[in-house]
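Its first residue numbered 5, the sequence shown is counted upward by one per residue in my numbering. Below: one structure, written as structure tokens.
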Amino acid sequence: MNKSELIAKMAENANITKVQATDALNALTASISEALKGDDKVSLVGFGTFSAAKKEAREGRNPATGETIKIAAKTSVKFKAGKELVEGLN
């Protein structure tokens with residue numbers, strides 16, 4: 005499911021317009037991004053938890069040449085699915 009399909013499904017399920025669903029989705033993603041940049045976790049009970057995962061700088065290897073390279077430190081997003089979400093899939 006892509007973003008436009010998700011927006012259409014949200015609009016249908018919530019009985020709102022696609023414009024309203026787009027605004028809601030954009031507000032949600034912006035709020036999650038803002039919280040993660042501030043090193044906060046975002047927990048949606050029953051759905052899951054988003055958190056920022058900091059990865060230290062390290063050395064790696066270029067698979068084509070075998071040359072040792074430096075891999076910069078970075079922050080990525082971690083998502084842990086909630087119990088209800090996992091149970092709903094099985």
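From the three backbone atoms N, C-alpha and C, an ideal C-beta is built for every residue, glycine too.
- Sequence-distant residues of its chain with Cβ nearer than 8 Å to G86 (five each side left out): Along the sequence shown, read from residue 1 onward, the residue named residue 86 stands at position 82. Contacts found: L48, V49, G50, F51, G52, T53.
- In chain order, each beta strand (DSSP E) run of at least 3 residues that lies wholly inside the segment 41 to 66: Fully enclosed beta strand (DSSP E) runs of 3 or longer: 46 to 48, 52 to 59, 62 to 65.
- Roughly how many whole angstroms lie between the Cα atoms of T79 and S55? Indexing the sequence shown from 1 puts residue 79 at position 75. Indexing the sequence shown from 1 puts residue 55 at position 51. Computed Cα separation, rounded: 10 Å.
- Query: Is T69 helix, strand or coil when you go by DSSP?
  - Reply: The residue labelled residue 69 in the question sits at position 65 within the sequence shown. Coil, per DSSP.
- Item | Cα-Cα separation, A12 to A77 | As a working mapping, residue 12 is identified with position 8 in the sequence shown. As a working mapping, residue 77 is identified with position 73 in the sequence shown. Each residue's alpha carbon lies about 38 Å from the other.
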